[in-house]
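Residues 0 to 96 (numbering that gives the first Met the number 0) make up the sequence shown, in order.
All C-beta atoms in this analysis are idealised placements derived from N, C-alpha and C, irrespective of residue type, glycine included.
Just so you know, these numbers come straight off a predicted model, no measurement behind them.
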Amino acid sequence: MLVRIVRMTFQPDKLADFHAIFDRSKAHIRAFPGNHHLDLLRDPENPAVRMTYSLWESVDALEAYRQSELFRTTWAATKLLFAEKPIAFSGEKLEDI
(Lines of atoms letter the chains of each structure in order from A and count residues from 1; the text may use other names and numbers.)
(Lines give C-alpha, C1' and ligand atoms only; values in the text may rest on other atoms or scores of the structure.)
Protein backbone atom coordinates (compact mmCIF):
# COMPACT_ATOMS: atom_id res chain seq x y z
CA MET A 1 0.00 0.00 0.00
CA LEU A 2 1.27 3.45 -0.92
CA VAL A 3 0.45 6.48 1.24
CA ARG A 4 0.36 9.80 -0.62
CA ILE A 5 0.23 13.13 1.21
CA VAL A 6 -0.05 16.44 -0.64
CA ARG A 7 0.21 19.70 1.35
CA MET A 8 -1.25 22.73 -0.41
CA THR A 9 -1.23 26.36 0.73
CA PHE A 10 -3.99 28.39 -0.85
CA GLN A 11 -4.64 32.05 -1.30
CA PRO A 12 -7.11 32.65 1.56
CA ASP A 13 -9.75 34.10 -0.75
CA LYS A 14 -9.51 30.99 -2.99
CA LEU A 15 -10.32 28.34 -0.36
CA ALA A 16 -14.01 28.20 -1.33
CA ASP A 17 -12.97 27.65 -4.94
CA PHE A 18 -10.71 24.77 -3.91
CA HIS A 19 -13.47 23.17 -1.85
CA ALA A 20 -15.83 23.37 -4.83
CA ILE A 21 -13.24 21.64 -7.04
CA PHE A 22 -12.60 18.99 -4.38
CA ASP A 23 -16.32 18.36 -3.88
CA ARG A 24 -16.78 17.80 -7.63
CA SER A 25 -13.83 15.43 -7.94
CA LYS A 26 -13.55 13.52 -4.64
CA ALA A 27 -15.96 10.71 -5.53
CA HIS A 28 -14.21 10.22 -8.88
CA ILE A 29 -10.78 10.13 -7.22
CA ARG A 30 -12.03 7.68 -4.62
CA ALA A 31 -13.52 5.47 -7.36
CA PHE A 32 -10.32 5.54 -9.44
CA PRO A 33 -8.84 2.04 -9.86
CA GLY A 34 -6.27 1.40 -7.15
CA ASN A 35 -7.47 4.09 -4.73
CA HIS A 36 -8.39 2.69 -1.33
CA HIS A 37 -8.88 5.83 0.76
CA LEU A 38 -9.03 9.63 0.50
CA ASP A 39 -9.11 12.23 3.28
CA LEU A 40 -9.03 16.02 3.18
CA LEU A 41 -7.25 17.60 6.16
CA ARG A 42 -6.79 21.17 7.42
CA ASP A 43 -3.67 22.43 9.18
CA PRO A 44 -4.85 23.55 12.64
CA GLU A 45 -2.11 26.20 12.74
CA ASN A 46 -2.60 27.61 9.24
CA PRO A 47 -6.20 27.90 7.98
CA ALA A 48 -5.03 28.36 4.37
CA VAL A 49 -3.41 24.90 4.27
CA ARG A 50 -5.18 21.77 3.12
CA MET A 51 -3.71 18.31 2.79
CA THR A 52 -4.90 15.24 0.99
CA TYR A 53 -4.11 11.85 2.45
CA SER A 54 -4.72 8.98 0.10
CA LEU A 55 -3.98 5.27 0.00
CA TRP A 56 -3.08 3.63 -3.29
CA GLU A 57 -2.66 0.00 -4.14
CA SER A 58 0.77 0.63 -5.68
CA VAL A 59 3.09 3.20 -7.22
CA ASP A 60 1.70 2.15 -10.59
CA ALA A 61 -1.89 2.84 -9.48
CA LEU A 62 -0.94 6.33 -8.29
CA GLU A 63 0.97 6.98 -11.51
CA ALA A 64 -2.02 5.86 -13.59
CA TYR A 65 -4.15 8.37 -11.71
CA ARG A 66 -1.54 11.10 -12.18
CA GLN A 67 -1.57 10.45 -15.95
CA SER A 68 -5.38 10.49 -16.14
CA GLU A 69 -7.61 13.20 -17.55
CA LEU A 70 -9.28 13.42 -14.12
CA PHE A 71 -6.00 14.40 -12.47
CA ARG A 72 -4.93 16.74 -15.27
CA THR A 73 -8.14 18.76 -15.24
CA THR A 74 -8.48 18.79 -11.44
CA TRP A 75 -4.85 19.75 -10.87
CA ALA A 76 -4.91 22.43 -13.59
CA ALA A 77 -7.81 24.17 -11.83
CA THR A 78 -6.38 23.65 -8.33
CA LYS A 79 -2.87 24.94 -8.97
CA LEU A 80 -4.22 28.33 -10.02
CA LEU A 81 -5.36 28.83 -6.41
CA PHE A 82 -2.03 28.22 -4.65
CA ALA A 83 -0.21 30.81 -2.56
CA GLU A 84 2.87 28.55 -2.33
CA LYS A 85 4.28 25.59 -4.18
CA PRO A 86 2.62 22.36 -2.97
CA ILE A 87 4.61 19.64 -1.23
CA ALA A 88 3.90 16.01 -2.04
CA PHE A 89 5.45 12.81 -0.80
CA SER A 90 4.74 9.11 -0.81
CA GLY A 91 5.62 6.25 1.48
CA GLU A 92 5.10 2.54 1.36
CA LYS A 93 3.12 1.26 4.29
CA LEU A 94 5.13 -1.31 6.23
CA GLU A 95 2.78 -1.97 9.13
CA ASP A 96 -0.82 -1.25 9.97
CA ILE A 97 -1.09 -1.11 13.76
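Cβ-based burial, residue i [other Cβ within 10 Å; buried from 16]
i     : result
Ser53 : buried
Ser24 : buried
Alpha-carbon spacing of residue i relative to residue j, whole angstroms
i     : j     : result
Leu69 : Ile96 : 32 Å
Ala15 : Trp55 : 27 Å
Arg71 : His18 : 17 Å
Leu93 : Leu39 : 23 Å
Residue(s) in a DSSP beta bridge with residue i
i     : result
His36 : Leu54
Phe9  : Phe81
Ala87 : Val5
Arg41 : Arg49
Beta-carbon gap between residue i and residue j smaller than 8 Å
i     : j     : result
Phe31 : Tyr64 : yes
Val5  : Thr51 : yes
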